[in-house]
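Here the numbering used here is used: the first residue of the sequence shown is 2, the next is one more, and so on.
C-beta atoms are modelled at their ideal positions from N, C-alpha and C, and glycine is treated no differently.
In this text, all values refer to a predicted model and were calculated from it rather than measured experimentally.
What follows is a single structure, written as structure tokens, with notes after it.
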Amino acid sequence: MSDDTIIILSAILATITLISLRAVVYILKTWQYSKIAKNSKARMEELEKLEEAGVIKTVVIDLENEKYRVRNPSDFNGLIIDGEKYNDLTSWFIKKREGLYIIGKQENYIIKLLINKN
Numbered sequence: 002m003s004d005d006t007i008i009i010l011s012a013i014l015a016t017i018t019l020i021s022l023r024a025v026v027y028i029l030k031t032w033q034y035s036k037i038a039k040n041s042k043a044r045m046e047e048l049e050k051l052e053e054a055g056v057i058k059t060v061v062i063d064l065e066n067e068k069y070r071v072r073n074p075s076d077f078n079g080l081i082i083d084g085e086k087y088n089d090l091t092s093w094f095i096k097k098r099e100g101l102y103i104i105g106k107q108e109n110y111i112i113k114l115l116i117n118k119n
């Protein structure tokens, strides 16, 4: 085999390996969060454990005082929070009495929207 062929084959193998590693990471993250998604109570308990362990972070937004941070545009099915789009493809939405929780499917975040302080 010539040197050019070996270089091309090495590049192809490296690309396949990188894609495979990214796929494994994506599958593991999706699996971790799909365990959480089975039911709301178990999901919230698991999220509290992950937050205590420092794996995820919670961002609290008080909608009464910080209305400008959250938008619900007519041309987008979801919410825009601080300029980022959140929808069913990127997030799980849990409606609870104290607010709306948005949980990232592939990111390490929770956003809690405080709807009513009472």
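Contact under 7 Å by Cβ, residue i with residue j
i, j, result
"Arg72", "Ile62", "no"
Neighbourhood of residue i by C-beta distance below 8 Å, restricted to the same chain and skipping five residues each side
i, result
"Ile81", "Val71, Arg72, Asn73, Pro74, Tyr87"
"Asn119", "For Asn119, the pLDDT reaches just 43, beneath the cut-off of 50, and the residue's location in the model is therefore unreliable, although a value from the coordinates is still provided. Taken in chain order, the list of residues that qualify is empty."
"Glu49", "none"
One or two residues paired with residue i in a DSSP bridge
i, result
"Arg72", "Ile81"
"Lys86", "Ile81"
Same chain, Cβ closer than 6 Å to residue i, neighbours up to 5 away in sequence not counted
i, result
"Glu65", "none"
"Ala15", "none"
Proximity winner among the options, relative to residue i (alpha-carbon distances)
i, options, result
"Glu67", "Ile13, Ile9, Met45, Asp83", "Asp83"
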